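Colleague: Below: one structure in structure tokens.
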Amino acid sequence: DNAKKYIESGHHGGKGSECHKAAVVGDTVGDPFKDTSGPSLNILIKLCSTVSIVFSGLIVAFNLMNLL
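Residue numbers (the numbering used here): 25 to 92.
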């Protein structure tokens, strides 16, 4: 959306140029991806933090720092 507005303000050929058409397509295609990938990335971040906490506990409990 920001790229589209930037081009519409007169940069890179302005409204109606090939750059503007590409920005409109990118905005149209990218917006649904943003809406669907946000929640899944949130789950992935929580999973990574949980796994790191579990493994750090195992490393401390079994004194595995010598193996690393």
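Here a beta-carbon is modelled for each residue, glycine too, at the ideal position from N, C-alpha and C. All values derive from a computational prediction rather than experimental measurement.
1) Let me confirm a value: His44 is counted as buried when at least 16 other C-beta atoms fall within 10 Å, else exposed. Which label applies?
2) For a quick check, are the C-beta atoms of Lys29 and Val48 less than 8 Å apart?
3) To the nearest angstrom, how far is it from the Cα of Leu88 to the Cα of His36?
4) Are there 16 or more other CB atoms within 10 angstroms of the CB of Ile31, so buried, or fewer, so exposed?
5) Are the C-beta atoms of Ser33 and some chain B residue less than 8 Å apart?
Modeller: Let me lay it out:
1) Sequence index remark: in the sequence shown, residue 44 carries index 20 (1-based). His44 is buried by the Cβ-count criterion.
2) By 1-based counting over the sequence shown, the position of residue 29 is 5. By 1-based counting over the sequence shown, the position of residue 48 is 24. In this structure, Val48 does not lie closer than 8 Å to Lys29 by Cβ.
3) Translated into positions along the sequence shown, residue 88 becomes position 64. Translated into positions along the sequence shown, residue 36 becomes position 12. If I take the Cα positions, the gap works out to 57 Å.
4) For the purposes of this step, residue 31 is taken as the residue at position 7 of the sequence shown. Answer is buried; the Cβ neighbour count reaches 16.
5) As a matter of chain content, chain B is missing from the structure shown, which is built from one protein chain.
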